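Student: Supplied in structure tokens, the structure appears directly below.
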């Protein structure tokens, strides 16, 4: 009646071992470290970078406990925070001799101090939130003028497509400062163009200028349009940052607007600060431009006389390339970007998908420039890099574009991530970066953890005193519940905040409530005259329905907090919901397994150590011990 088959004991045992393994890393803590990663897509981190790190630290007489190379860069584990700061300064000078053009990201980091066998099992400690351990704080400055300029560049392509669709010939469209200038050879054509533009481009304020053969239609953005563009730039950049942080897997980020042109980003519990700084700091936008192939132009540019309307770039292979400033297409027209491989060369590539307007523009440009070169430029931190400059062999329709050429798989993944996460509506620059210390202080953190421990101890004393052996079983089940909960939080790499500690304390009280229901139900069965074995069986069976109902209703409230809450409320809800699920398993399955081991194989059981007087069928009174 009260016996479990072997497979149930195996499941309980495996669950306890699992909980112990994934809880252990939280007791080893973390050690300070410095991480060196690449700041540019063209620079790779390999064994030579690791050797440079080792030699630089050896020359500066800075001891370390390990130098590791992984996909995120080179990491150096150090003993103290003083050594960490010294190592950062040394490596910064070694890898970035020119502070104005940093080639590498040298950032402070934290590495788990867990033994290697635990790390090999992917057992990592929980992250601690801003209120417990702190995190990384970034203040980003949004370039509002850059947002207007970018909109005008995109508007130039829209104007060309619009006039081409209406068969209106013009002598050129260019951006001059914050104005769009369209040239015409006769007044009649200019009048037709003005009527079309006023009907289709309401954000432009148009004015006629010029005389004779040099007739111009000058368009400036209306004040309300400028304000709308700047507001959109802030919102779009915040959305893009959310998407990028989500791809990083950061829990509970804080992204908020500060003033009219700044964004605050706080990443609680972040360990890989170098990767976060790299992704947030890279303002990658895509621009498609035509290559200037006029005879003698590249020679003049190399001699220091860059032709008007062009810019000099260097391809990934090191060859100079003269690119026109006029932007044919921008990353605003992207709907998707995925890493992949070139079908012909099998080299890593990024496959882009354009929206309908972008597909039409790209089709027209490739049709009109067959045989010419087109440059795909990736703008990062205000500096452009030509990824590839292929020759247009034929008209490209359908909105599918491929970027390839001298690109590694990691570079293709990073480029696709940046473009897929959303194009920035305006360039941004990190103007402040700092590490936030625990806002509550070490004393408050200690009190938070001690309150949970003292609460557990008080519950244990009461249960053992009131229920005797069944109380001991309940306490062991409660400890298993805490073990499972911490293991799940560590496995999910959740961020533990002070509200999360409160949720753990609440979970302990709710979990022991299930054992109280079971124990009281067993007592009731004993009072009604059931035998001890029957009382145990009936107590667990009938109490389960009540336990399930109460936990489901509480889980519904927790899910509501998880869906509609934010910040600390959401952190509380995560721990609360996980605690309900683990308490169901520990209070019912684990405690039942222990009771079955203790009493299940006793055929003649006359009493239970449950601290309660009960009456057998014959009417005599017996005290269970």
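Residue numbers (the numbering used here): 2 to 626.
Cβ atoms here follow ideal geometry from the backbone N, Cα and C, with glycine treated the same way.
All values derive from a computational prediction rather than experimental measurement.
Quick one: complete beta strand (DSSP E) runs, 3+ long, within the segment 53 to 80?
Tutor: Complete beta strand (DSSP E) runs here, min 3: 67 to 71, 74 to 78.
Student: Count the other CB atoms within 10 Å of the CB of residue 30; is the residue buried (16 or more) or exposed (fewer)?
Tutor: Here residue 30 refers to the residue found at position 29 of the chain shown. Exposed, since its Cβ has fewer than 16 Cβ neighbours within 10 Å.
Student: Quick check on residue 451: buried or exposed, where buried means 16 or more other Cβ atoms within 10 Å of its Cβ?
Tutor: Position 450 of the chain shown, counted from the start, is the residue given in the question as residue 451. Exposed is the call here.
Student: Is the segment 193 to 205 in contact with the segment 218 to 234, if contact means three or more CB pairs nearer than 8 Å?
Tutor: Contact holds: three or more Cβ-Cβ distances are below 8 Å.
Student: Please report the distance separating the alpha-carbon of residue 539 from that of residue 533.
Tutor: Translated into the one-based positions of the chain shown, residue 539 becomes position 538. Translated into the one-based positions of the chain shown, residue 533 becomes position 532. The alpha-carbon atoms of residue 539 and residue 533 are separated by roughly 10 Å.
Student: Quick check: what's the CA-CA separation for residue 472 versus residue 550?
Tutor: Within the chain shown, residue 472 is the residue found at index 471, counting from 1. Within the chain shown, residue 550 is the residue found at index 549, counting from 1. Roughly 23 Å separates the two Cα atoms.
Student: Using a Cβ distance threshold of 8 Å, determine whether the segment 263 to 270 contacts the segment 129 to 145, with at least three qualifying pairs required.
Tutor: Verdict: yes, contact present.
Student: Between residue 304 and residue 260, what straight-line distance do the alpha-carbon atoms span, to the nearest angstrom?
Tutor: Your numbering for residue 304 matches position 303 in the chain shown. Your numbering for residue 260 matches position 259 in the chain shown. Their Cα atoms are separated by approximately 45 Å.
Student: In chain order, what are the residue ranges of uninterrupted alpha helix (DSSP H) at least 4 long that sit wholly in the segment 81 to 139?
Tutor: Complete alpha helix (DSSP H) runs here, min 4: 82 to 96, 117 to 121.
Student: Looking at the secondary structure, which residues open and close the beta strand (DSSP E) in which residue 257 lies?
Tutor: By 1-based counting over the chain shown, the position of residue 257 is 256. Element bounds for residue 257: 255 to 259.
Student: Could you check where the beta strand (DSSP E) with residue 352 kicks off and where it finishes?
Tutor: Counting from 1 along the chain shown, the entry for residue 352 is found at position 351. Note, residue 352: beta strand (DSSP E), 349 to 355.
Student: Which value, in whole angstroms, describes the spacing of the CA atoms of residue 278 and residue 242?
Tutor: Here the question's residue 278 lines up with position 277 in the chain shown. Here the question's residue 242 lines up with position 241 in the chain shown. Between residue 278 and residue 242, the C-alpha separation is close to 12 Å.
Student: Since residue 20 contacts residue 481 with CB under 8 Å, what's their CB separation in whole angstroms?
Tutor: What you label residue 20 is simply residue 19 of the chain shown in a count that begins at 1. What you label residue 481 is simply residue 480 of the chain shown in a count that begins at 1. About 7 Å; that satisfies the 8 Å criterion.
Student: Is the number of C-beta pairs between the segment 289 to 308 and the segment 144 to 162 that are closer than 8 Å three or more?
Tutor: Not touching, per the Cβ criterion.
Student: Hey, quick one: how far does the beta strand (DSSP E) through residue 212 stretch, first residue to last?
Tutor: Residue 212 sits at position 211 when you count from the first residue of the chain shown. Counting along the chain, the beta strand (DSSP E) containing residue 212 begins and ends at 205 to 212.
Student: With 16 as the cutoff for other CB atoms within 10 Å, does residue 248 come out buried or exposed?
Tutor: Start at 1 with the first residue of the chain shown, and residue 248 comes out as number 247. Confidence at residue 248 is low in this model, with a pLDDT of 49, below 50, so the placement of that residue should be treated as unreliable; the coordinate-derived value is given next. Exposed, since its Cβ has fewer than 16 Cβ neighbours within 10 Å.
Student: Kindly say whether residue 327, judged by its beta-carbon, lies nearer than 7 Å to any beta-carbon of chain C.
Tutor: Absent from the structure: chain C. Only one protein chain is present.
Student: Buried or exposed for residue 38, please, with buried defined as at least 16 other CB atoms from any protein chain shown within 10 angstroms of its CB.
Tutor: As a first step, residue 38 must be located in the chain shown, where it is residue number 37. Classification for residue 38: buried.
Student: Residue 493: which of 598, 347, 23, 593 sits nearest, CA to CA?
Tutor: Your numbering for residue 493 matches position 492 in the chain shown. If we check each option's Cα against that of residue 493, 23 comes out closest.
Student: Starting from residue 338, follow its DSSP beta bridges and name the residues at the other end.
Tutor: Walking along the chain shown from the start, residue 338 turns up at place 337. Note: residue 338 sits in a beta bridge opposite 353.
Student: Closer than 8 Å by C-beta to residue 570: which residues in its own chain qualify, once you throw out the five before and the five after it? Chain order, please.
Tutor: Position 569 of the chain shown holds residue 570. Taken in chain order, the residues that qualify are 500, 562.
Student: Can you tell me which of the three DSSP states residue 314 falls into?
Tutor: On the chain shown, residue 314 is found 313 positions in, with the first residue counted as 1. Residue 314: strand per DSSP, three-state reduction.
Student: Do the CB positions of residue 186 and residue 208 come within less than 7 Å of each other?
Tutor: For the purposes of this step, residue 186 is taken as the residue at position 185 of the chain shown. For the purposes of this step, residue 208 is taken as the residue at position 207 of the chain shown. Taking 7 Å as the Cβ cut-off, residue 186 and residue 208 do not qualify as a contacting pair.
Student: Just to confirm, are residue 264 and residue 141 a CB contact at a threshold of 7 Å?
Tutor: What you label residue 264 is simply residue 263 of the chain shown in a count that begins at 1. What you label residue 141 is simply residue 140 of the chain shown in a count that begins at 1. Cβ distance < 7 Å, so residue 264 and residue 141 count as in contact.
Student: Between 169, 346, 174, which has its C-alpha nearest residue 188's C-alpha?
Tutor: The residue you call residue 188 lines up with position 187 of the chain shown. Nearest of 169, 346, 174 to residue 188, Cα basis: 169.
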